[in-house]
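Reading through the structure tokens given below for one structure.
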Amino acid sequence: MKYSEIETSHGKEDTYRMELPAVCVPVLENIVKEMSTLIEDKNMQEIFYYLSLGHDMREVSEKTGITLRNLAYIYRKAANIVHFNWKSTMQWKKELQHAHIKCRNYESLLTIPQIITRQSPRNFILVVRDQDIPTKYVDLLTIPLEKLDICLRTLRSLRKNNIYLLEDLLRFIKLNGFDSLAKLPGMGIKSVEQLYEKLKEKKILESKETCGLFRYLFV
9 MKYSEIETSH
19 GKEDTYRMEL
29 PAVCVPVLEN
39 IVKEMSTLIE
49 DKNMQEIFYY
59 LSLGHDMREV
69 SEKTGITLRN
79 LAYIYRKAAN
89 IVHFNWKSTM
99 QWKKELQHAH
109 IKCRNYESLL
119 TIPQIITRQS
129 PRNFILVVRD
139 QDIPTKYVDL
149 LTIPLEKLDI
159 CLRTLRSLRK
169 NNIYLLEDLL
179 RFIKLNGFDS
189 LAKLPGMGIK
199 SVEQLYEKLK
209 EKKILESKET
219 CGLFRYLFV
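When the letters of the sequence shown are read in order and numbered with our numbering, they come out as residues 9 to 227.
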């Protein structure tokens, strides 16, 4: 959307209101609602919510009984709280994604045939060299497949086999081989070849057997 398409208005007291197209409002409301939950004080939370959605400051002032000057101060304070906690939330999300990948790696190691035998094992220690997965690769591995412009038919077939993220797909390929995708219900040779070309185009696969991300995935 170009800036010129956004209507703005201001009153005599230098208050501003932005009017977004109706189609954008529900999305903005959900984002602001989630952000406002980071503010503990209910009055401050309400002020942040309404002003962030573009409500006129004079209307909010009349409703709350707070002067325009104090409203501006409270809103600025609320915005700082949201900014600090929102950033922390994103950092925690990154750490959780990193931990999720590592847990799946350990799960894979603990279920390999050489460890799970007919004999009842007592206590054993599995020594694994811990890998620090760079953030940029964590971001890449946790990308939903639909964001890679994969055709809808192929996406549906992969989802039926619990393959939703790039991580899921690469684990399957590393364990079974790329051509094994053609054996999945709903997949065919043509679909698999198109998927291969897409992954090469995105520089995710170097060949059907080679991928730089394989080193971070245990199977």
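The C-beta atom is built at its ideal place from N, Cα and C for all residues, glycine as well. All of these numbers come straight from a predicted model, not from anything done at the bench.
Check, Outcome
"Extent of the continuous alpha helix (DSSP H) to which Lys230 belongs", "The first residue shown for the chain is 9 and the last is 227, placing residue 230 beyond what the model contains."
"Inter-residue spacing [alpha-carbon to alpha-carbon] between Ala190 and Leu148", "24 Å"
"Sub-8 Å separation of Tyr204 and Phe226 beta-carbons", "no"
"Per-residue burial, Gln99 [other beta carbons within 10 Å of its own, 16 or more giving buried]", "exposed"
"Neighbourhood of Lys102 by C-beta distance below 7 Å, restricted to the same chain and skipping five residues each side", "Thr143, Val146"
"Residues of its chain near Asn113, where Cβ-Cβ distance is below 6 Å and the 5 sequence neighbours each way are ignored", "Phe226"
"Residues near Glu175 in its chain [Cβ-Cβ closer than 8 Å; skip 5 each side]", "Ile109, Arg112, Leu149, Thr150, Leu225"
"Euclidean distance between Cα positions of Asn51 and Ser69", "12 Å"
"Simplified DSSP assignment, three categories, for Leu173", "strand"
"Lys211 versus Glu201: straight-line alpha-carbon distance, rounded", "15 Å"
"Lys216 versus Arg223: straight-line alpha-carbon distance, rounded", "15 Å"
"With 16 other Cβ atoms within 10 Å as the buried cut-off, status of Ile39", "exposed"
"The ligand NAD heavy atom lying under 7 Å from the CB of Leu118", "With respect to small molecules bound, the structure shown includes none, and the ligand NAD cannot be examined in it."
"Reduced DSSP category for Ser17 - H, G, I as helix; E, B as strand; rest coil", "Low local confidence applies: a pLDDT of 41 at Ser17 is under 50, so the model's placement there is unreliable, with the coordinate-based value given in what follows. Note: Ser17 maps to strand in three-state DSSP."
"Coarse secondary structure for Pro152, derived from DSSP in three states", "strand"
"Where Thr143 sits in the DSSP three-state scheme", "helix"
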